[in-house]
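Scroll down for the structure; my scribbles are underneath it.
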Amino acid sequence: MAQLPAGEWQADGSYVHAFHLRGGDVVVRYRAVGVEALSATPAEGWAVAVEQPGGPLVVNFRDGAGRLSRLEATWNGGPTARVVEK
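The sequence shown begins at 112 in my numbering and counts up one residue at a time.
Structure (structure tokens):
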């Protein structure tokens, strides 16, 4: 996972970053105690599923043709993310 180059630090110490994937848009709030999706909006023709399996935040966008657009976000000494486009 890579450190994020841009976003906004908030007064409460959290970090908010907007991601624009092929399958849709996600706004994420990072904190040392956890990561949460503030919003996840699919692009036209795509569906979204937000998962948090006890660690990283995972947002999957899928279209009818089976394409995947995924964001994996976690706090690892700072805000980090991985984007997968298949």
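The beta carbon of each residue, even a glycine, is placed where N, CA and C say it ideally should be.
Considering only DSSP beta bridges, list what residue i is partnered with.
i	result
ASN171	ALA160, ARG181
SER150	VAL138
Distance check for residue j and residue i, CA to CA, integer angstroms please.
i	j	result
LEU132	ASP123	27 Å
GLU119	VAL144	18 Å
PRO190	ALA176	32 Å
ALA192	THR185	6 Å
ALA154	VAL194	16 Å
Might you give, ordered along the chain, the residues of its own chain that have their beta carbon closer than 6 Å to the beta carbon of residue i, omitting 5 neighbours on each side?
i	result
VAL138	ALA129, LEU149, SER150
VAL169	GLU162, GLU183
SER180	LEU132, ARG133, GLY134, PHE172, GLU196
Measure from the alpha carbon of residue i to the alpha carbon of each residue in the options, then state which is nearest.
i	options	result
ALA160	GLU119, TYR141, ASP136, VAL144	ASP136
GLU147	GLU155, ALA158, PRO153, GLY166	GLY166
TRP157	ARG142, TYR141, ARG178	ARG178
ASN187	TYR141, THR152, ASP174	TYR141
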